[in-house]
Structures are given as C-alpha cells and as structure tokens.
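In what follows, a single structure is set out as structure tokens and then discussed.
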Amino acid sequence: MVHALKETHRIVASQGIIIDVRPLSVDVPLEIIFQGGRESAGMIDMSPDRDLDIAADRAIESVLSEHLYCELSVDYFDFAYYWKTIKGMKDDLDEYWKGDVIVSDQLIQQARILFNQKRPQTQLRVGVQMKLGKYIKQL
C-alpha cells in the first residue's frame, strides 16, 4: 500500500488531494427496523478485514511521516445498508462482502425470528462505520 501511495504522489498534480474512504473493520449490529422501533439480532463479525485496515493506516502514516502528503481532515461517519428480505441481505453479503464479514447461523436465525414478527415496514439494516480521510500532496 505504501508503494501505491508513493506512486500516486508521483502522478497527482501539485497540491492535489487524495481521499481515503473505507469501512472500518469494527463489528456492527444487524438490526431489524420497523415502524416505531428497532431490535438488534446480534453482531456481524467484521474482523476478516482488520489486517487490511491496519495496513492502510500504516501506509497513510508512512507517507505522512515522509511529508509526501499533509492531512487535511479525517472524519468518521455511519453508512447504512438496508434490505427488505433476509434472502436479499444474504445474497448481497455473498456477492459483495464474501470473505470480509462473518455472519453466523445463529445471527441469521435470530434475525429471522425478529423479522417474522410481522411488524409494519420491517427491514434489515447494517450500519458500518466509515473513515473519510483527505490528504494534500506536498511539494
């Protein structure tokens, strides 16, 4: 990752800005939301990508310490994914998040129990924590 950031430094215009936006590998709740409330089915294990998080943070620290970039800002925010069915959620997780998250059978079972209570406007929600870093190229 450090090599990629150094290569980016070579081609980014003077005073150019690079953006680091990514989900953090912090366990998050799988929530069942409905008109008037929400319940947690349990936690989704986001640990499989933890090593990538650490490597990305170290790469940024490396180019900052070499004064290739200067930090403009770092913010954190929540980004929510919504599904209308458990099958839709599982299909998305299998297609886009395979290997990045661990969703236990127990968690799916608990989600089904809560989802099937037939409350108005029931959906599934996962809110991941995101990092948004902005860095400006130094001369």
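Our numbering numbers the first residue of the sequence shown as 57 and each following residue consecutively. No residue lacks a Cβ here, since even glycine has one placed at the ideal position from N, Cα and C.
* Going by alpha carbons, who is nearest to residue 82 out of 134, 59, 130 and 192? -> Nearest C-alpha to residue 82: 134.
* To do: Go through its chain and collect everything with a Cβ distance to residue 71's Cβ below 7 Å, but skip five positions before and after it.
  => Within the same chain, residue 71 has close Cβ partners 192 and 193.
* To do: Output the distance between the C-alpha atoms of residue 90 and residue 179, rounded to the nearest integer angstrom.
  => Residue 179 has its alpha-carbon roughly 6 Å from the corresponding atom of residue 90.
* Near residue 142, which residues of its chain fall below 8 Å by C-beta distance, leaving aside the five closest residues on each side in sequence? -> In its chain, beyond the 5 residues on either side, 164, 167, 168, 171 and 180 have a beta carbon closer than 8 Å to the beta carbon of residue 142.
* **Span of the beta strand (DSSP E) around residue 96** => Here the beta strand (DSSP E) through residue 96 covers 93 to 100.
* To do: Below 6 Å CB to CB, which residues in the same chain sit around residue 158 once its five sequence neighbours on both sides are set aside?
  => Counting only Cβ-Cβ distances below 6 Å, and skipping sequence neighbours, we find 101.
* Asked: Per DSSP, residue 127 forms a beta bridge with which residues?
  -> Paired residues: 191.
* **Helix, strand or coil at residue 104 according to DSSP, with G and I counted as helix** => Residue state, collapsed to three classes: helix.
* Asked: Got a sec, what are the start and stop residues for the alpha helix (DSSP H) residue 168 sits in?
  -> DSSP places residue 168 in the uninterrupted alpha helix (DSSP H) bounded by 161 to 171.
* Measuring CA to CA, which of 64, 63, 96 and 78 is closest to residue 184? -> Checking every option, the nearest Cα to that of residue 184 belongs to 78.
* Asked: Comparing alpha-carbon positions, which option in 59, 116, 111 and 96 lies nearest residue 129?
  -> Looking from the CA of residue 129, the closest CA among 59, 116, 111 and 96 belongs to 116.
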